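Structure record follows, encoded as structure tokens.
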Amino acid sequence: MQEWSYWIGMAGTVAFAVTAVIAVAPKGIDLFGASVMAIVTAVGGGTIRDVITNAPVFWSIDESYIWVALASAIAAFYARPLFTGKSMNKLMLYMDAAGISLFSIQAVDKVWGEDFGIPIAPVMLGVITAIGGGLIRDVLAGRQNLLMSKELYAIPVLIGCVLFAFVLEYIPDFRIVGGISCILLIFVIRIAAIEKNMTVPKWLLSEAK
Amino acid sequence: MQEWSYWIGMAGTVAFAVTAVIAVAPKGIDLFGASVMAIVTAVGGGTIRDVITNAPVFWSIDESYIWVALASAIAAFYARPLFTGKSMNKLMLYMDAAGISLFSIQAVDKVWGEDFGIPIAPVMLGVITAIGGGLIRDVLAGRQNLLMSKELYAIPVLIGCVLFAFVLEYIPDFRIVGGISCILLIFVIRIAAIEKNMTVPKWLLSEAK
Amino acid sequence: MQEWSYWIGMAGTVAFAVTAVIAVAPKGIDLFGASVMAIVTAVGGGTIRDVITNAPVFWSIDESYIWVALASAIAAFYARPLFTGKSMNKLMLYMDAAGISLFSIQAVDKVWGEDFGIPIAPVMLGVITAIGGGLIRDVLAGRQNLLMSKELYAIPVLIGCVLFAFVLEYIPDFRIVGGISCILLIFVIRIAAIEKNMTVPKWLLSEAK
Chain Z
0 MQEWSYWIGM AGTVAFAVTA VIAVAPKGID LFGASVMAIV TAVGGGTIRD VITNAPVFWS
60 IDESYIWVAL ASAIAAFYAR PLFTGKSMNK LMLYMDAAGI SLFSIQAVDK VWGEDFGIPI
120 APVMLGVITA IGGGLIRDVL AGRQNLLMSK ELYAIPVLIG CVLFAFVLEY IPDFRIVGGI
180 SCILLIFVIR IAAIEKNMTV PKWLLSEAK
Chain E
0 MQEWSYWIGM AGTVAFAVTA VIAVAPKGID LFGASVMAIV TAVGGGTIRD VITNAPVFWS
60 IDESYIWVAL ASAIAAFYAR PLFTGKSMNK LMLYMDAAGI SLFSIQAVDK VWGEDFGIPI
120 APVMLGVITA IGGGLIRDVL AGRQNLLMSK ELYAIPVLIG CVLFAFVLEY IPDFRIVGGI
180 SCILLIFVIR IAAIEKNMTV PKWLLSEAK
Chain R
0 MQEWSYWIGM AGTVAFAVTA VIAVAPKGID LFGASVMAIV TAVGGGTIRD VITNAPVFWS
60 IDESYIWVAL ASAIAAFYAR PLFTGKSMNK LMLYMDAAGI SLFSIQAVDK VWGEDFGIPI
120 APVMLGVITA IGGGLIRDVL AGRQNLLMSK ELYAIPVLIG CVLFAFVLEY IPDFRIVGGI
180 SCILLIFVIR IAAIEKNMTV PKWLLSEAK
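Here the protein sequences line up with chains Z, E and R, keeping their order. Take the first sequence: its letters are residues 0 to 208, numbered as in numbering that gives the first Met the number 0. Take the second sequence: its letters are residues 0 to 208, numbered as in numbering that gives the first Met the number 0. Take the third sequence: its letters are residues 0 to 208, numbered as in numbering that gives the first Met the number 0.
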């Protein structure tokens, strides 16, 4: 299990970094700024999680997350036209979906294992791990962030994290299979949202005035 | 003493969460985003304090802060018309005032007890505990934050925290009565500011250009 | 060596605080808000570094950083006309350049000594120490930050930090002289950028659309 989850994590890291560069490049930015945005997006959420739970920051133990984000940023910066094509854009959205699915459930598992504020803190930190980096990126880039948007992005993550918390609480023997199922569930909902342009349902929305 | 301060703390948490939802809802936000804003506002300041002083984050020990913020957010989201009424708005402002008064002095006391950077760090972290959550909320919501406003909000908190630092330094035997007095002082100045529409005095202001 | 680096550090702290006040004052801000901006700018980057590496926050050990930032902020707030003059502005830019040169290399040295994520984490945290406070200030003030600007500010810092990482890795016996050289290198490039209005070279830039 370790093996494949590691590679999905790296795919997610690539997607986070590449989409960050594609998002900020049209504003006119230099390679340094683009790389900062990419690294922040890729590791920001997990860093907040580790700082809050007082765990050693994950990328100080395995630096490949930083190297992969940096290499992806440089590649995306100079090969922008390649990444803005339609099929490449779709590929990045799928990899991003894989990333948030995996990172959030991994985070719930990690925080639960540290016995930190069970049951609500692991769920919160699962969501923060998935979306925290993107929030910092959008704040730094002066862009509207996903909390203020109707895209169905964070809610699938929340659903998966809550379900996985139930698994860990009531049927901990099914931790592995439950974790994989929750990862798949988030991924499937997110892909459906991308393909069908699904937005947040109306009864969950306040009207803009 | 413990007992009543706990309930004021919960009232403050409710106020922070409700006012956050009321503030961001008109921008068009979903229940998830509104809940994030509410929780960030309610526990953000104390989280920064605990992370900086390397103390265990307070809501990992007593999760009721998160549950109360979340329940308040959901209630406020669906019962918005109720909360935007004039008297309800006033009630929320008063509860918010109680919250910042209590949280800031409690924070000074806590950080002083940890012997962390006395005397200036406890004062700084007292102010951050009271206003930090609101600052993060405003940054995430793309709103102008209170540092850039003339409302008399943070200065009463600062005055109370400085006075309480003097109490802890020079007359530590009066810690309890001094703490309560400083909480009341902040509360009274803040209520006066609300009722009389008091703003920051001119000699403390730079002119906007 | 300790002695002179301490004084350069204080000069950098003064410059960070003064330039923060000068930057936000025209937006119309009160003394409290200006002081918060000054302190955040002066100690924000180092605070992020210490929180991430789980080291005690530097200003809890030596509070003079906070006192100096606060005194500089108050002076700059009331003596704004003095500081906006051309030669004073130049002096501040030079002191700021000294600050980022020193703080970044000191940070690389500190994080390397903690054996934290060598070699990439010390470089990252060196850069963050130098520019992190300014980024938070710009986010709080609603200003465009340096990541989105063409000014040659962060890149000299990055170059110096990378070079110093090579020194620490391959010729650790030259740590002192290498550190001083890297500080001087950053300072010289930054001064050249100020004097010659140098901007980020075009091949490192994406075009704004």
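The beta carbon of each residue, even a glycine, is placed where N, CA and C say it ideally should be. Remember, it's a predicted structure, so these values are computed and weren't measured experimentally.
Those residues which DSSP pairs with E/D29 across a bridge: Z/L204
Bridge partners - E/T12, DSSP secondary structure assignment: BP columns for E/T12 are empty, so no partner.
At 8 Å on the CB atoms, spell out the chain Z contacts of R/L203, in chain order. Close partners of R/L203 in chain Z (Cβ separation under 8 Å): D29, L30 and F31.
Just tell me which of Z/T18, Z/K89, Z/T12 and Z/V39 has its CA closest to the CA of Z/I190. Z/K89
Proximity to E/F82 [Cα-Cα], best of E/N144, E/A16, E/T40 and E/I127: That would be E/A16, whose Cα lies nearest to the Cα of E/F82.
What does the alpha-carbon distance come out to for the pair E/A164 and E/W111? 8 Å
Is Z/V199 closer than 9 Å to E/F31 when the C-beta atoms are compared? yes
Own chain residues within Cβ distance below 6 Å of Z/S71, not counting five before or after: V13, A16 and V17
Answer yes or no: does any C-beta atom of chain Z fall closer than 9 Å to that of E/I130? no
Who does E/E150 pair with in a DSSP beta bridge? E/T198
Residue environment, E/P80, which counts as buried when at least 16 other CB atoms sit within 10 Å: By the C-beta density criterion, E/P80 is exposed, having fewer than 16 other C-beta atoms within 10 angstroms.
Which value, in whole angstroms, describes the spacing of the CA atoms of E/G131 and Z/S103? 26 Å
Less than 9 Å between CB atoms is the rule here; does E/L139 satisfy it with respect to chain Z? yes
Between R/M147 and chain Z, is the shortest Cβ-Cβ distance under 9 Å, so that the two count as touching? By this cut-off, R/M147 is an interface position.
What residues in the region 84 to 105 of chain R have a beta carbon less than 7 Å from any beta carbon of chain Z? none
If you pair each beta-carbon of the region 49 to 67 of chain E with each one of the region 108 to 125 of chain Z, do three or more pairs fall below 8 Å? yes
Is there a Cβ from chain R that is less than 9 Å from the Cβ of E/G125? no
When you compare the region 39 to 47 of chain Z with the region 119 to 129 of chain Z, are there three or more beta-carbon pairs, one atom per stretch, that lie closer than 8 Å? yes
What would DSSP say about Z/A78, mapped onto helix, strand or coil? coil
Neighbour list for E/M9 in chain Z, Cβ cutoff strictly below 8 Å: Those do not exist, as E/M9 stays about 16 Å from chain Z at its closest Cβ, beyond 8 Å.
In the DSSP assignment, the alpha helix (DSSP H) including E/L145 goes from what residue to what residue? That residue, E/L145, is in no alpha helix (DSSP H); it is neither H nor E in DSSP.
Quick check on the DSSP output: what are the complete alpha helix (DSSP H) runs of length 4 or more inside the region 115 to 141 of chain E, in order along the chain? 119 to 140
Beta-carbon contacts of E/L134 that lie in its chain and below 6 Å, excluding the five residues immediately before and after: N144
Using alpha carbons as the reference points, say which of R/A97, R/L184, R/V107 and R/V23 lies closest to R/P155. R/L184
Closer than 8 Å at the beta carbon, the chain Z residues around R/E206: G27
Mind checking if R/F115 is an interface residue toward chain Z, Cβ cutoff 9 Å exclusive? yes
Just verifying my parser: in three-state terms, what is the DSSP assignment at Z/P155? It is helical.
CB-CB under 6 Å to Z/V107, same chain, minus the five flanking residues each way: which ones, in chain order? P121, G125, C160 and F163.
Unbroken alpha helix (DSSP H) run spanning Z/G112, endpoints: K85 to G112
So E/I28 and Z/L146 are in contact, right, with Cβ under 8 Å, and what is the actual spacing, rounded? Right, the Cβ-Cβ distance comes to about 7 Å (below 8 Å), so this counts as a contact.
Less than 9 Å between CB atoms is the rule here; does E/S71 satisfy it with respect to chain Z? Look at E/S71: its C-beta is not under 9 Å from any C-beta on chain Z.
Kindly say whether R/V39, judged by its beta-carbon, lies nearer than 9 Å to any beta-carbon of chain Z. no
9 Å Cβ cutoff, E/T12 in contact with chain Z: no
Taking 9 Å as the CB-CB cut-off, is E/A153 touching chain R? yes
With Z/V50 and Z/M36 assumed to form a contact (beta carbons below 8 Å), what rounded beta-carbon distance in angstroms separates them? Not confirmed; about 20 Å, so no contact.
Determine the extent of the alpha helix (DSSP H) in which R/F57 is found, giving its start and end residues. F57 to I60
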